[in-house]
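The structure appears right after this line, and notes come after that.
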Amino acid sequence: MVSCENLFTASPETEKFLCDRLLDQNQPISERFRALFSLRNLRGPRPRNALIAATRDSSNLLAHEAAFALGQMQDSDAIPALEAVLNDLSLHPIVRHEAAEALGAIGLETNIPLLKNSLVSDPAQEVRETCELALSRIHELKNVKHCDGSAMIESSPFLSVDPAAPASCSSAEQLREVLLDEENSMYKRYGALFALRNHGGDKAITAIIESLGAKSALLRHEVAYVLGQLQNKSASDALSRILTDINEHPMVRHEAAEALGSIADDKSVALLEEFAKDPEPIVSQSCEVALSMLEFERLGKSFEYLFMQAPQVDEVSS
1 MVSCENLFTA
11 SPETEKFLCD
21 RLLDQNQPIS
31 ERFRALFSLR
41 NLRGPRPRNA
51 LIAATRDSSN
61 LLAHEAAFAL
71 GQMQDSDAIP
81 ALEAVLNDLS
91 LHPIVRHEAA
101 EALGAIGLET
111 NIPLLKNSLV
121 SDPAQEVRET
131 CELALSRIHE
141 LKNVKHCDGS
151 AMIESSPFLS
161 VDPAAPASCS
171 SAEQLREVLL
181 DEENSMYKRY
191 GALFALRNHG
201 GDKAITAIIE
211 SLGAKSALLR
221 HEVAYVLGQL
231 QNKSASDALS
241 RILTDINEHP
251 MVRHEAAEAL
261 GSIADDKSVA
271 LLEEFAKDPE
281 PIVSQSCEVA
291 LSMLEFERLG
301 KSFEYLFMQA
311 PQVDEVSS
């Protein structure tokens with residue numbers, strides 16, 4: 001998962017190019033992600049429909065990222081497709097999880113019945129826990145409305161639509177206790193995690209790293225995602241242990257790989273190069289995309305296509 005950024009406009013020709021590139025399975029995964037990261041900043045039926053189609057892609061990494069993007073865009077027209085993804089047990093749990101999170105991000109009460117059903121019926125724990133989170137977020141949105149009906153939940157300083165509102169506790173130590181308490185609800189622990197992220201400082205970073213030992217793979221994956229947002233090098237060793245642990249959930253290893261790409265010290269880059277050959281595609285493709293993003297950054301070029309003068313592929317030396 002990578003946070004969404006600002007909205008742009010694109011010509012019909014560029015839109016078509018991006019949609020075609022996203023769905024072209026003959027393209028390297030990094031090129032398809034370049035298109036995805038561009039399309040998530042656009043609005044309208046063509047970008048939406050391309051992202052919806054991508055949720056059924058053979059690459060579980062790409063499919064889950066497309067579902068995540070639809071949630072971050074908060075496009076209610078994507079709800080029927082996201083509901084279908086959540087209901088389709090033939091899809092990888094990481095994709096169903098992301099569809100559930102996206103429904104929570106969109107935040108409409110009409111999503112509640114399906115989320116309640118999946119909360120009790122989905123065979124994957126990470127999906128059930130995501131439904132619990134999404135339901136809690138929708139209920140919180142309902143309870144904190146402005147008089148004009150708009151939501152009062154504060155926006156994230158990291159340009160992401162978070163699956164839980166940050167907790168109101170001001171002390172990093174209090175937040176740490178909430179985050180590490182296995183008896184707390186997932187929503188409460190997520191709220192503590194995002195509050196620690198926003199709080200910043202050494203104590204907050206230490207507490208977040210400590211929570212990588214949580215029992216829930218869903219929480220561990222979100223912790224790795226947050227560490228990637230923070231780009232703090234002190235998390236490098238802990239994230240490296242996650243990525244190299246072949247017994248860890250692929251969802252968690254994937255987020256660790258992305259986070260290491262954000263930290264981008266020499267050790268992290270070397271590890272990404274090694275695990276770009278991992279037998280688990282979710283992990284290997286995550287490493288491949290992270291390395292490609294770093295190469296574009298090194299060359300001073302945008303990873304996204306939206307900054308092109310015309311639809312064309314930038315050549316990047318390996």
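At the far end of the sequence shown sits residue 318, using full-length UniProt numbering, and the numbering has no gaps. We put the CB at the ideal spot given by N, CA and C, even for glycine. All values derive from a computational prediction rather than experimental measurement.
_Cβ pair Leu36, Ala54 closer than 8 Å_ = Yes, Cβ-Cβ distance for Leu36 and Ala54 is below 8 Å.
*For Glu15, collect the residues of the same chain with a Cβ closer than 6 Å to its Cβ; drop the 5 residues on either side in sequence, then sort them by chain order.*
These residues qualify, in order along the chain: Arg46.
*Leaving aside the five residues before and after residue 389 along the sequence, list all residues of the same chain whose C-beta is less than 8 Å from its C-beta, in chain order.*
Shown here, the chain extends from 1 to 318; a query on residue 389 therefore has no answer.
_Residues in the same chain with beta-carbon distance under 6 Å from His64, minus the five sequence neighbours each way, listed in chain order, please._
Around His64: Ile94, Val95, Glu98.
*Indicate the three-state DSSP secondary structure (helix, strand or coil) for Cys27 in the structure shown.*
Residue 27 is actually Gln in this sequence, not Cys. Coil at Gln27, not helix or strand.
_In chain order, what are the residue ranges of uninterrupted alpha helix (DSSP H) at least 4 long that sit wholly in the segment 41 to 71?_
Counting whole runs of 4 or more residues, the segment 41 to 71 contains the alpha helix (DSSP H) stretches 45 to 54.
*From the DSSP output, in three-state form, read off His146 for me.*
Its pLDDT being 48, under 50, His146 is placed unreliably in this model, and the coordinates cannot settle the point.
*asked:* According to DSSP, simplified to helix, strand and coil, what is residue 321?
replied: With the chain covering only 1 through 318, there is no way to say anything about residue 321.
*Kindly indicate which residue of Asn247, Leu299, His254, Pro123 has the alpha-carbon position closest to the one of Ile282.*
Minimum Cα-Cα distance from Ile282 among the listed residues Asn247, Leu299, His254, Pro123 corresponds to His254.
*Please classify Asp122: is it buried, with 16 or more other beta-carbons within 10 angstroms of its beta-carbon, or exposed?*
By the neighbour-count criterion, in which 16 or more other beta carbons inside 10 Å mark a residue as buried, Asp122 falls on the buried side.
*Note the first and the last residue of the continuous alpha helix (DSSP H) segment covering Val161.*
Here Val161 belongs to no alpha helix (DSSP H), and DSSP marks it neither H nor E.
*Can you list, in chain order, the stretches of the alpha helix (DSSP H) that have 4 or more residues and sit fully within the segment 178 to 234?*
If only uninterrupted alpha helix (DSSP H) runs of at least 4 residues are considered, those enclosed by the segment 178 to 234 are 186 to 199, 202 to 210, 217 to 230.
*Can the beta-carbon of Leu230 be found closer than 8 Å to that of Ala256?*
8 Å or more divides the Cβ of Leu230 from the Cβ of Ala256.
*My guess is that Ile208 and Leu180 are in contact by the Cβ rule of under 8 Å, so how many angstroms apart are they, rounded?*
Not a contact, Cβ separation roughly 10 Å.
*Between Leu196 and Ala172, is the Cβ-Cβ spacing less than 8 Å?*
Yes, these two residues count as a Cβ contact at 8 Å.
*What is the DSSP secondary structure of Lys301, reduced to helix, strand or coil?*
Here Lys301 sits in coil by DSSP.
*Using the C-alpha atoms, what's the distance from Asn49 back to Asp266?*
Taking the straight line joining both Cα atoms gives about 39 Å.
*Please name the residue in Leu193, Lys233, Ser30 whose C-alpha comes closest to that of Glu222.*
The residue with the shortest Cα to Cα distance from Glu222 is Leu193.
_According to DSSP, simplified to helix, strand and coil, what is Asp278?_
Taken through DSSP and simplified to helix, strand or coil, Asp278 comes out as coil.
*Under the three-state reduction of DSSP, which class applies to Glu248: helix, strand or coil?*
Coil.
_Let's test the definition: count the other Cβ atoms within 10 Å of the Cβ of Leu62 and tell me whether it reaches 16, buried, or not, exposed._
A residue is called buried when at least 16 other Cβ atoms come within 10 angstroms of its Cβ; Leu62 meets this threshold and is buried.
*asked:* Once DSSP output is grouped into helix, strand and coil, what is the label at Cys19?
replied: Looking at Cys19 - three-state DSSP - the assignment turns out to be helix.
*Express the C-alpha separation of His249 and Glu273 in angstroms, rounding to a whole number.*
C-alpha separation (whole angstroms): 20 Å.
*Where does Gly149 land, buried or exposed, given buried means 16+ other C-beta within 10 angstroms?*
Caution applies to Gly149, whose pLDDT of 48 falls short of 50 and renders its modelled position unreliable; the model cannot decide the point.
*Could you name the residues of the same chain whose beta carbon sits closer than 7 Å to that of Ser30, not counting the 5 residues immediately before and after it, in chain order?*
Around Ser30: Glu288, Val289, Ser292.
_Using only CA atoms, which one of Cys19, Ile138, Gln27, Leu218 lies nearest to Glu129?_
Ranking Cys19, Ile138, Gln27, Leu218 by CA distance to the CA of Glu129 puts Leu218 first.
_Member of Glu177, Leu135, Gln174, Arg176 whose CA lies at the smallest distance from the CA of Met164_ = Correcting the residue identity first, residue 164 is Ala in this sequence and not Met. Of Glu177, Leu135, Gln174, Arg176, the smallest CA-CA separation from Ala164 is found for Leu135.
_Environment of Val127 [buried if 16+ CB atoms lie within 10 Å]_ = Buried, by the Cβ-count rule.
*With a CB to CB cut of under 8 Å and the five nearest residues on each side skipped, what residues in its chain are close to Lys203?*
Here the set comprises Ala172, Glu173, Arg176.
*asked:* Once DSSP output is grouped into helix, strand and coil, what is the label at Gln74?
replied: The answer is coil: DSSP assigns Gln74 none of H, G, I, E or B.
_Euclidean distance between Cα positions of Cys147 and Ile112_ = Low confidence applies to Cys147: its pLDDT is 44, below 50, so where it sits in the model is not reliable, and the reading given next is rough at best. When only Cα atoms are considered, Cys147 and Ile112 end up about 23 Å apart.
*Assuming Leu299 and Phe275 form a contact by the criterion Cβ under 8 Å, report the distance between their Cβ atoms to the nearest whole angstrom.*
Distance from Leu299 to Phe275 at the Cβ level is roughly 23 Å; contact not present, criterion being Cβ atoms closer than 8 Å.
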